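Residues in the sequence shown are numbered consecutively from 7, following the working numbering.
Ideal Cβ positions, reconstructed from N, Cα and C, are used throughout, including at glycine.
Keep in mind that this is a model prediction, so the values were computed, not measured.
These notes concern the structure reproduced below.
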Amino acid sequence: EEVVIALAPGGGRNIKQTMLTRLWPVENFIELIGRFVIDGPYRIVLIAGPDDGAVIQPILERYRQCIDTRALSFGEKASILRRCSLLVGNDSAPIHIAMAMGVPTYSLWGPTNPKRYGDPLPSHTRLFKEIECSPCYNDGEFPECNDNRCLKAITVNEVWQVLQAELPREIPRPAASENSVSVREFPADIISVPRAVPGNPSRPTA
7 EEVVIALAPG
17 GGRNIKQTML
27 TRLWPVENFI
37 ELIGRFVIDG
47 PYRIVLIAGP
57 DDGAVIQPIL
67 ERYRQCIDTR
77 ALSFGEKASI
87 LRRCSLLVGN
97 DSAPIHIAMA
107 MGVPTYSLWG
117 PTNPKRYGDP
127 LPSHTRLFKE
137 IECSPCYNDG
147 EFPECNDNRC
157 LKAITVNEVW
167 QVLQAELPRE
177 IPRPAASENS
187 VSVREFPADI
197 ISVPRAVPGN
207 PSRPTA
């Protein structure tokens, strides 16, 4: 049976405004997909909505094998998420939906405070880098920001290292560059390894 990996590269919206600075760079998602064996044991699903074209299209142009769910209903996306071994995504609705289903989730945080808004569940890993101006998002109000350094500081290498604890098969790991930052530099109270499911560590509970 193929292993399905979900990515949620979109989001950044609430009832007051659209906040693109809450998004991990799409180039990073593209590089992360490159770490998976696209034509091998992993099938990549992009969990996204109709308004996420700006981040989905560049991914599909690079990796046509990815499954685009923008046109699917909420129920259809939920059904797909149930089959996934894990989900990596921005602070957005798909993360919370996947958590409710027991799917191991890895959420990327920047302007928003993960201690306040990130659910502290055993299957949920919050990735966050503290810089001098973050978190800056406060109950729907968001200051002017043209450079989300807080999210850009989370590297693909760091995310990939964390995912190794959950991926059901060993994958060749690209050599770390001299400038890469160890995942241990994440705040210890934020980064955590998801709890394995007894008897089948690669699959979430039903």
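Candidates the options: which alpha carbon is nearest residue i's?
i	options	result
ARG68	SER91, ILE50, ASP153	ILE50
ALA60	GLU33, PRO110, PHE80, VAL10	GLU33
ALA12	ILE53, GLU37, LEU29, GLY40	ILE53
VAL162	LEU133, LEU78, ASN152	LEU133
PRO15	ARG28, VAL9, GLU8	ARG28
GLU37	ALA106, LEU66, VAL9	LEU66
GLY95	SER113, ASP153, ALA171, VAL165	SER113
GLY17	GLU82, LEU173, TYR48, HIS102	HIS102
ARG88	THR131, ASP74, VAL109, ILE73	VAL109
Roughly how many whole angstroms lie between the Cα atoms of residue i and residue j?
i	j	result
ALA99	PHE42	24 Å
ARG209	GLU136	Since pLDDT at ARG209 reaches only 37, below the 50 mark, its modelled position is unreliable, and the value read off the structure follows with that caveat. If I take the Cα positions, the gap works out to 31 Å.
CYS156	GLY116	5 Å
PRO218	SER85	This structure does not reach residue 218, given that the chain is present from 7 up to 212, and the question cannot be answered.
ILE196	PRO56	Unreliable positioning characterises ILE196 in this predicted model, as indicated by a pLDDT of 40, which lies under 50. The coordinate reading is nonetheless provided below. So the two alpha carbons sit approximately 31 Å from each other.
PRO178	GLY40	Residue placement at PRO178 is poorly supported in this model, since its pLDDT is 39, which falls under 50; the coordinates are not used for a value here.
ALA77	ASP97	21 Å
GLN71	ASP153	31 Å
State the beta-bridge partners of residue i as determined by DSSP.
i	result
GLY95	ALA14, SER113
VAL49	For the record, residue 49 in the displayed sequence is Arg; it is not Val. VAL10.
Thinking residue i and residue j are a contact (beta carbons under 8 Å), I'd like their distance in whole angstroms, please.
i	j	result
THR118	SER129	About 20 Å separates the two Cβ atoms, so there is no contact after all.
SER79	VAL9	About 24 Å; that fails the 8 Å criterion.
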